[in-house]
Amino acid sequence: MVARLTCVGGFGTFRETASFTADDSDEIVAAAGGHSITLVACRDAGVVGYGTAFHGELGPNGLSLRLTTLSIVRVSCGGSFVVAASSDGACYAWGQGSTEPIKLPEITGAVDVAAGEGHALARTADNVVFSWGNNQYGQCGIGVCSPRVDVPTALAEHWKSVAAGAQHSAMIATNGDLYTFGWGQYHQLGLGSTADQPSPACVTSLQGVGDYVRGVFTGLRQVACGAWHTVALTTTGDMYTWGWGQHGQLGGSHLASHIFPTLLSLHDEDATFVSIACGTRHTAGLTDDGRVHLWGMHTPSHDLVAGKSADANTSHTIVAAPGCTAIAAGAYHTLLLTP
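Numbering (UniProt numbering), first residue to last: 1 to 339.
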């Protein structure tokens with residue numbers, strides 16, 4: 001039973017890096033980080049949020065949130081808003097425009113959500129994905145670039161996982177193939193081009209990865225998006241990274257960007273990845289030996305807080321996290337979920 005959340009990195013001065021422990025007999029079912037906030041969804045206590053919010057993500061006071069009337073099972077933080085799925089399949093959003101959760105009637109049976117800078121995705125139990133919000137780069141995947149998609153719009157019926165970056169999106173099909181769409185300027189789509197992509201396009205370079213079962217490769221288990229980079233986890237525990245690498249977020253000892261998905265090696269370590277997460281400019285991977293690996297900018301400098309560029313970081317930080325079952329990430333902080 002997951003009962004504790006601890007934080008690595010982050011600003012700290014915004015109070016988003018505090019630890020959280022569920023009450024006795026309660027458990028944490030989901031967690032998410034935003035730019036300077038952390039949200040924790042508990043089975044009994046509802047949603048608890050803390051940090052510093054500037055657009056209503058933490059309610060009217062901007063410092064703390066407690067939602068006890070909703071049973072939330074998935075949650076994701078966007079640039080200035082939050083999107084969540086409840087245990088009865090409803091989808092809610094709040095933040096910029098409303099400090100109270102708004103139910104989205106177009107979506108029923110929601111089981112997963114993902115929030116970008118200004119757009120969002122929701123996946124239903126029938127493997128249908130809905131998208132809405134900003135769409136100037138095609139990040140909603142509806143086939144055209146337009147200023148906004150005001151009403152959640154269904155994309156298709158064969159998706160098992162969703163993720164959202166600043167202005168791009170990624171989805172794993174039920175057969176394990178990866179599809180990306182949206183802004184392509186930094187090769188974050190992995191399609192070999194910097195062109196924007198308004199419709200889901202298959203990342204063919206990742207076909208043929210994962211477990212080989214009954215004559216078929218099973219592909220990907222999870223995908224995560226940073227602001228301008230993307231990370232994929234295969235069914236065999238391999239991690240691939242691509243897109244913008246200026247801050248070392250793609251792993252390795254270099255700052256190069258990757259045009260196509262590139263296998264991230266742990267060199268001599270005999271471990272496989274079981275969970276991944278991306279912040280704005282950092283990447284996190286949990287391995288089966290109970291360690292969390294971090295690359296990129298996960299401890300921002302004061303220059304970054306002031307809106308200036310920050311130094312690049314090629315270091316590979318390893319955090320011991322015995323019992324850790326999953327990870328999540330905010331803009332610059334990483335959340336570890338443990339018993």
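Idealized CB from N, CA, C, for every residue including glycine.
- Inter-residue distance for V151 and S131 is about 8 Å (C-alpha atoms, whole angstroms).
- Per DSSP, the unbroken beta strand (DSSP E) holding T180 starts and ends at 178-182.
- V216 counts as exposed, since fewer than 16 other C-beta atoms from the protein chains shown sit within 10 angstroms of its C-beta.
- A contact is defined here as three or more CB-CB pairs under 8 Å, and the segment 183-191 meets this definition with respect to the segment 225-244.
- In chain order, G95, T99 place their CB closer than 6 Å to the CB of G56, counting only its own chain and leaving out the 5 sequence neighbours on each side.
- L206 sits in a helix when the DSSP states are folded into three classes.
- The segment 270-290 makes contact with the segment 235-250: 3 or more CB pairs, one atom from each, lie closer than 8 Å.
- In the three-state reduction of the DSSP assignment, F130 falls in the strand class.
- Contact annotation: F273 and T262 have beta-carbon atoms that are not nearer than 8 Å.
- If you look at D150, you'll find it in the beta strand (DSSP E) that goes 148-154.
- With a cutoff of 8 Å on beta-carbon distance, G78 and G109 are scored as not near each other.
- Note on geometry: alpha-carbon atoms of I142 and L294 lie some 34 Å from one another.
- DSSP places I28 inside the beta strand (DSSP E), whose first and last residues are 28-33.
- Counting C-beta pairs closer than 8 Å gives fewer than three between the segment 22-33 and the segment 314-322, which falls short of the contact rule.
- Counted as a single uninterrupted DSSP element, the beta strand (DSSP E) harbouring I37 occupies residues 37-42.
- No residue range can be given for S80, since it is assigned to no beta strand (DSSP E) and is classified by DSSP as neither H nor E.
- Taking the Cβ atoms as the reference, T235 lies roughly 4 Å from G210, within the contact range of under 8 Å.
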